Amino acid sequence: MLTDDGLPDILKISPIIYGPEIQAYYGVGKYLGKAFSVGKEMSSRVKK
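Given below as structure tokens:
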């Protein structure tokens, strides 16, 4: 389940995470944005 570049394809892998404190599983994989640009946007919101 790799991309043409040989990297893991997150959408094909469809990873999950487990929240032990609430005994629940969550899906992971939705595209949110390019690395660092999402963090910059969130950081600027917090500073205001």
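Each residue of the sequence shown is one higher than the one before, counting from 2 in the working numbering. Glycine included, C-beta positions come from ideal geometry on N, C-alpha and C. Model, not experiment: these values are computed from the prediction.
Once you ignore the five residues that flank Leu33 on each side, which residues in its own chain have a CB closer than 7 angstroms to its CB?
The residues are Val39.
If you measure between the beta carbons of Met15 and Gly7, is that distance less than 9 angstroms?
It is Ser, not Met, that sits at residue 15 in the sequence shown. The Cβ atoms of Ser15 and Gly7 lie no closer than 9 angstroms to each other.
Report the rounded CA-to-CA distance for Glu22 versus Gly30, giving the unit in angstroms.
So the two alpha carbons sit approximately 22 angstroms from each other.
Given this structure, state the Cα-to-Cα distance separating Thr4 from Asp10, to the nearest angstrom.
Using only the alpha carbons, I get a separation of about 5 angstroms.
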